[in-house]
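Numbering (the working numbering), first residue to last: 1 to 103. We put the CB at the ideal spot given by N, CA and C, even for glycine. No experiment lies behind these values; they were computed from the predicted model shown. Structure first, commentary second.
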C-alpha cells in the first residue's frame with residue numbers, strides 16, 4: 001500500500017513496515033542462532049523480542065485509536081491490525097525452534 005499525501009492514515013503504512021521489519025529481524029536472529037548456537041544471541045534475541053513487543057503494542061493501540069477516529073478506513077486499519085497480530089505466532093514458532101535446538 002502506497003501512502004499518498006492526501007491519505008490521512010500514515011500509521012497504516014508505518015504499522016505494516018514495522019510488522020514486516022520486526023518479523024524479518026526476529027527470523028534472522030533465530031536463523032543465525034540455530035546455525036551458530038552462539039549464547040550471546042540468546043540474550044540479544046530476548047532483548048529484541050521485548051523491544052519489538054512493546055513497539056508493536058504501542059502501534060496496535062494507535063491503530064485502534066485511529067480506527068475510532070477514521071471509521072471510513074476501517075478495512076485498511078483492520079488489515080494492518082491483523083498483519084501486526086500475525087507476528088505473535090511467528091514469535092512462538094521462533095521460540096519453539098530455539099528451545100528445540102538447545103535440547
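| Check | Outcome |
| --- | --- |
| Collapsed DSSP secondary structure at residue 37 in the structure displayed | coil |
| Pairwise C-alpha distance: residue 27 and residue 85 | 16 angstroms |
| Neighbourhood of residue 73 by C-beta, 6 angstroms cutoff - its chain only, sequence neighbours within 5 removed | 9 |
| Cβ-Cβ distance between residue 40 and residue 87 below 8 angstroms | no |
| Cβ neighbour criterion (16 or more within 10 Å) applied to residue 5 | A caution first: residue 5 carries a pLDDT of 49, below 50, which makes its placement in the model unreliable, though a value can still be read off. Classification of residue 5: exposed, given that the 10 Å Cβ count is below 16. |
| As assigned by DSSP and simplified to three states, the class of residue 47 | helix |
| Top-ranked residue by Cα proximity to residue 94, from 15, 31, 12 | 31 |
| Residue 140 vs residue 80 beta-carbon contact at 8 angstroms | The structure shown has nothing for residue 140, since the chain only spans 1 to 103. |
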